[in-house]
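Here the structure comes first, spelled out in structure tokens, and everything after it is commentary.
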Amino acid sequence: LCRPQIRLLENTLLDRHNRTLRNDYRHGQPLQGRVVEASFRAHRAQAQCHPEEFTLRLDQIQMQLQDMKTELLNGLSHTGRKSSTFPAFYFPVENIESFVEVHPLRAVSLQAFTLCFWSRAHPAGSQTILSYSTGDSDHELVVTVGAEVGLWIGGQLLSFPLQHEAQDWLHHCVTWASQAGTASLWLNGAAGKARSVQKGYVSQAGGTLTLGKDRDTLLGTFSNGFAGRMAQVNLWSRVLSAAEVRALALCKPGQLKGDVIAWGETPMALLGGVLLEPDTSC
């Protein structure tokens, strides 16, 4: 036998198992009812997504997208800078003694809270938005703004660094829950990274609540004065949901009011030259 005949015989013997005409895969061959077996078995992927689970995930994504679309459209329809009925507080830079005395709707003995407000502060370092002090603690509950947002709970400080100080109106929500000690900062409806402070703590009742100044109970003086505009300050004795915070930041109609401080309803005394101006935060 010559070499081509030997090669053809070898190919014929090799093809007998698969019942093909020739073992030459460079040319197309009619199957004519024959079965061509693969040289190796395909391996199935380990993780499989069942049709029901796939459909559920798609439904969840669709619902989330619909919620985001609704919130965005509602927000755009209410961002015309309309003045709210209750005015904003203006703390002039030259009046360093200006502050607002607040008479809360209930005792400030809190196991959880949410403080939300709009502010347009002059860039001047750390400035006090809200200060609650007792005979035992000057920093029982204090929130400041500036290059960072500071939160004092029971005398312990927690800071939330900011990328830059805003020159325009900025919406803040600060939340805290005693059970896990979790504190969070929301800026314009966006949540930052949660931190932990004073787990298991309960704020003391019977203190003094002010806006725009941090009070030193022992000396009877005020410091870290706020300069700028402040509006829609509300304090709740619970942690608001993400949807509630976003609704406030988007200026949706029918705004929630706090049960400790309700903007426009809680009795307040403006002292030291605090002025009233039309509220242009929303």
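The numbers in UniProt numbering rise by one with no breaks, and the one at position 177 of the sequence shown is 177. Where is the CB? At the ideal position from N, CA and C, for every residue including glycine. Just so we're clear, the structure is a prediction, and the values are computed from it rather than from any experiment.
Could you tell me which residues DSSP pairs with residue i in its beta bridges?
i	result
HIS139	Looking at the DSSP assignment, HIS139 forms no beta bridge with any residue, so it has no partner.
ASN224	Answer is none; ASN224 lacks a bridge partner.
VAL239	Per DSSP, none; premise fails for VAL239.
ILE129	DSSP, once it has assigned bridges, lists no residue as partnering ILE129.
LEU185	VAL174
ALA190	LEU187
TYR90	ARG229 and LEU275
VAL145	GLN127
Using three-state DSSP, classify residue i as helix, strand or coil.
i	result
LEU105	coil
GLU10	helix
ASP279	strand
LEU256	coil
ASP214	strand
ARG3	helix
VAL233	strand
ILE61	helix
VAL245	helix
LEU56	helix
Just reading off the beta strand (DSSP E) that residue i is part of, what are its end residues?
i	result
ALA121	112 to 121
SER159	156 to 161
ILE153	148 to 153
Alpha carbon to alpha carbon, how far is residue j from residue i? Give it in angstroms, no decimals.
i	j	result
SER131	ASP59	45 Å
PRO267	VAL202	24 Å
PRO161	LEU276	30 Å
SER184	ALA249	15 Å
LEU271	GLN66	46 Å
ASN188	ALA247	10 Å
PHE86	GLY192	29 Å
ASN95	ASP279	20 Å
ILE129	LEU157	15 Å
ARG3	PRO51	57 Å
ALA177	GLN62	32 Å
SER196	THR182	5 Å
SER98	PHE91	6 Å
ASN234	GLY146	20 Å
HIS122	GLN198	31 Å
ALA269	VAL149	25 Å
GLY273	GLY225	13 Å
Within 7 Å: the Cβ of residue i and any heavy atom of the ligand ADP?
i	result
TRP263	As far as ligands go, the structure on display features none, and thus does not contain the ligand ADP.
Quiz item: With a cut-off of 8 Å, do at least 3 Cβ pairs link the segment 197 to 216 to the segment 97 to 109?
Solution: yes
Practice problem: State whether the segment 133 to 148 contacts the segment 250 to 267, with contact taken as three or more CB pairs (one from each stretch) at a distance under 8 Å. | Solution: no
Quiz prompt | Inter-stretch contact at 8 Å, needing at least 3 Cβ pairs: the segment 239 to 256 / the segment 113 to 131 | solution = yes
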